[in-house]
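*Asks:*
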Amino acid sequence: MTYRVHRSGASEFNIEGTDIKDAIEKNFKMLAKQMNIGNVAGYTLDRATIEYKPGILGGQGGIELSVVAHGSDSLVNYDPYNDNPKTSTIWIYAKKEDLPEGFYEFEINHEKKIETTPFDVPNSAGQALGFFRAVCEEIASNHSRFPVDGTTFSGVCANIELRFPTIKIVNPHKYVELIQQEVHRCRPKEDAQTKKLVERANELALILMDYDNKEIINDANKGIDLLASVRASKWFQDKNKITALAYYRKKAGLTGKQLAEIVGLSDRQIRNYEASDSRLCDAKNIVVENIAKALNVRPSDLVEDGVVVMVDGNKQ
1256 MTYRVHRSGA
1266 SEFNIEGTDI
1276 KDAIEKNFKM
1286 LAKQMNIGNV
1296 AGYTLDRATI
1306 EYKPGILGGQ
1316 GGIELSVVAH
1326 GSDSLVNYDP
1336 YNDNPKTSTI
1346 WIYAKKEDLP
1356 EGFYEFEINH
1366 EKKIETTPFD
1376 VPNSAGQALG
1386 FFRAVCEEIA
1396 SNHSRFPVDG
1406 TTFSGVCANI
1416 ELRFPTIKIV
1426 NPHKYVELIQ
1436 QEVHRCRPKE
1446 DAQTKKLVER
1456 ANELALILMD
1466 YDNKEIINDA
1476 NKGIDLLASV
1486 RASKWFQDKN
1496 KITALAYYRK
1506 KAGLTGKQLA
1516 EIVGLSDRQI
1526 RNYEASDSRL
1536 CDAKNIVVEN
1546 IAKALNVRPS
1556 DLVEDGVVVM
1566 VDGNKQ
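Counting the sequence shown from 1 gives a position; this note's numbering is that position plus 1255.
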């Protein structure tokens, strides 16, 4: 279906889709540009609705797209205090039957792309070994009574490889057993999170035992296990890190909503500033200063040298 979009004082243009909803979703970026929503860095949607209105477009009737949005907080010197939500509208030529219900609200999806994790089903012997190595290092480094340094050259896997330099490419099954023994010596904790990790390590060990040693060796020689291990370890590192804002807010015993009320921001903005992709570093200084004052910390505890401070979430 093709729908014509009305622009006051400018040439009209067409959008296409299986129906009016699909046409708007597929062409939303172009529509947002025409509606001039957000700021030069982009926009954050709060609400988007469509409604059939019989009196618009010279009485022809049509669909009114209404968007409530803020500017993107990735704008340098972004000032959330002066970025009130703005409502913008645009009209689309359509008939009442194009929207039988008369009104529709789009679901705003802020979810990020799903990434591969060490809890996914491995697609090869090499990936299973890489996941196993990463999970074991995570247990030994961050979830044990006697933790080890989990860096590439001094973790439990490296310890085994230093003592038995060729074991991974000669007898992978034995290599797995020795790593499990090494992890056991670190005495894993007994909390729910650690138990989940230990169960995962055991699951991956069983998966590896189902593979022939030759298959594991073949993948190891291609570096498949190393790549999977590095990526899985990075996943753990990112997962374990939280913004200093989130850390100090929880330490102060405040909810996000309570902090938002104290500093005069929206709960949504505090959530955005606590997210792993926080752009608090782009906020005006007064914003960082007000949040720091509310939490009884220094601004540099939250943002330092133009970078959002991240802390180890395991040490809360």
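Heads up, the beta-carbon is just placed ideally off N, CA and C, and yes, glycines get one too.
Fair warning: this is a prediction, and the values are worked out from it, not measured in the lab.
Go to residue 1464, then tell me how far its alpha helix (DSSP H) extends in each direction, as first and last residue.
*Replies:* It spans 1447-1465 - the alpha helix (DSSP H) in which residue 1464 sits, taken as one unbroken run.
*Asks:* How would you write the range of the alpha helix (DSSP H) that residue 1269 sits in, first residue to last?
*Replies:* Premise fails: residue 1269 lies in the beta strand (DSSP E), 1268-1271, not in any alpha helix (DSSP H).
*Asks:* Hey, would you say residue 1392 sits closer than 7 angstroms to residue 1381, going by beta carbons?
*Replies:* No. Outside cutoff.
*Asks:* Per DSSP, what kind of secondary structure is residue 1362 in: helix, strand or coil?
*Replies:* In this structure, residue 1362 counts as coil in the three-state DSSP scheme.
*Asks:* I need the DSSP call for residue 1408, collapsed to helix, strand or coil.
*Replies:* Reliability fails at residue 1408, whose pLDDT of 45 lies under 50, so the model's placement of it is uncertain and no value is given.
*Asks:* Give the single residue among 1262, 1327, 1283 and 1489 whose Cα lies nearest to the Cα of residue 1272.
*Replies:* Answer by Cα proximity: 1283.
*Asks:* In angstroms, rounded to a whole number, what distance separates the CA positions of residue 1559 and residue 1503?
*Replies:* About 15 angstroms.
*Asks:* According to DSSP, simplified to helix, strand and coil, what is residue 1280?
*Replies:* Helix, per DSSP.
*Asks:* Within this structure, are the beta carbons of residue 1547 and residue 1535 separated by less than 7 angstroms?
*Replies:* Against a cut-off of 7 angstroms, the Cβ pair of residue 1535 and residue 1547 comes out as no contact.
*Asks:* Assuming residue 1566 contacts residue 1496 (C-beta within less than 8 angstroms), just tell me the rounded distance between them.
*Replies:* Residue 1566 to residue 1496, Cβ: 7 angstroms. Contact.
*Asks:* Measuring straight from C-alpha to C-alpha, what distance separates residue 1383 and residue 1304?
*Replies:* Residue 1383 and residue 1304: Cα-Cα distance of roughly 46 angstroms.
*Asks:* Exposed or buried, which one is residue 1423 when buried takes at least 16 other CB atoms within 10 Å?
*Replies:* With 16 or more Cβ atoms within 10 Å of its Cβ, residue 1423 is classed as buried.
*Asks:* Of all the options 1278, 1385, 1427 and 1521, which has the alpha carbon lying nearest to the alpha carbon of residue 1482?
*Replies:* Of the candidates 1278, 1385, 1427 and 1521, the one whose C-alpha sits nearest the C-alpha of residue 1482 is 1385.
*Asks:* Sort out for me which residues DSSP pairs residue 1398 with in a bridge.
*Replies:* Answer is none; residue 1398 lacks a bridge partner.
*Asks:* Does the count of Cβ pairs from the stretch 1285-1294 and the stretch 1350-1365 closer than 8 angstroms reach three?
*Replies:* Flag = no, the stretch 1285-1294 and the stretch 1350-1365 do not touch.
*Asks:* Leaving out five residues on either side along the sequence, give the residues of the same chain with a beta carbon under 7 angstroms from the beta carbon of residue 1484.
*Replies:* Correct list, in chain order: 1385, 1388 and 1389.
*Asks:* What's the C-alpha gap between residue 1520 and residue 1398?
*Replies:* Roughly 36 angstroms between the two C-alpha positions.
*Asks:* If you follow the beta strand (DSSP E) that residue 1556 is part of, which residue opens it and which one closes it?
*Replies:* Premise fails: residue 1556 lies in the alpha helix (DSSP H), 1554-1557, not in any beta strand (DSSP E).
*Asks:* Apart from the five residues just before and just after residue 1460, which ones in its own chain have a Cβ nearer than 7 angstroms to its Cβ?
*Replies:* Taken in chain order, the residues that qualify are 1387, 1431 and 1435.
*Asks:* Exposed or buried, residue 1317, counting other C-beta atoms within 10 Å across all chains shown (16 or more means buried)?
*Replies:* Counting Cβ neighbours within 10 Å, residue 1317 comes out buried, since at least 16 surround it.
*Asks:* Do you know how far the Cα of residue 1550 is from the Cα of residue 1513?
*Replies:* Each residue's Cα considered, the two are about 11 angstroms apart.
*Asks:* Leaving out five residues on either side along the sequence, give the residues of the same chain with a beta carbon under 7 angstroms from the beta carbon of residue 1408.
*Replies:* Note that residue 1408 scores 45 on pLDDT, short of 50, meaning its location in the model is unreliable; the coordinates nonetheless yield the value given after this. Around residue 1408: no qualifying Cβ.
*Asks:* For residue 1358, count neighbouring Cβ atoms within 10 angstroms of its own Cβ and tell me buried if that reaches 16, exposed if not.
*Replies:* Under this definition residue 1358 is an exposed residue.
*Asks:* Pull up the CB-CB distance for residue 1328 and residue 1527, whole angstroms please, since I reckon it's below 8 angstroms.
*Replies:* That belief holds up - the Cβ atoms of residue 1328 and residue 1527 are roughly 6 angstroms apart, short of 8 angstroms.
*Asks:* Would you report the Cα separation of residue 1347 and residue 1360, rounded to the nearest angstrom?
*Replies:* Rounded to whole angstroms, residue 1347 to residue 1360 spans 16 angstroms at the Cα level.
*Asks:* DSSP three-state call for residue 1526: helix, strand or coil?
*Replies:* Of the three classes helix, strand and coil, the one that applies to residue 1526 here is helix, per DSSP.
*Asks:* Which residue comes first and which comes last in the beta strand (DSSP E) that contains residue 1318?
*Replies:* Residues 1317-1326.
*Asks:* Does residue 1538 pass the burial test, meaning 16 or more other C-beta atoms within 10 Å, or should it be called exposed?
*Replies:* Residue 1538 is buried by the Cβ-count criterion.
*Asks:* What's the gap between the Cα of residue 1269 and the Cα of residue 1257?
*Replies:* Cα to Cα, the separation comes out at about 6 angstroms.
*Asks:* Would residue 1487 pass as a contact of residue 1377 if the rule is Cβ separation under 7 angstroms?
*Replies:* No, the pair does not count as a contact, with Cβ atoms beyond the cut-off.
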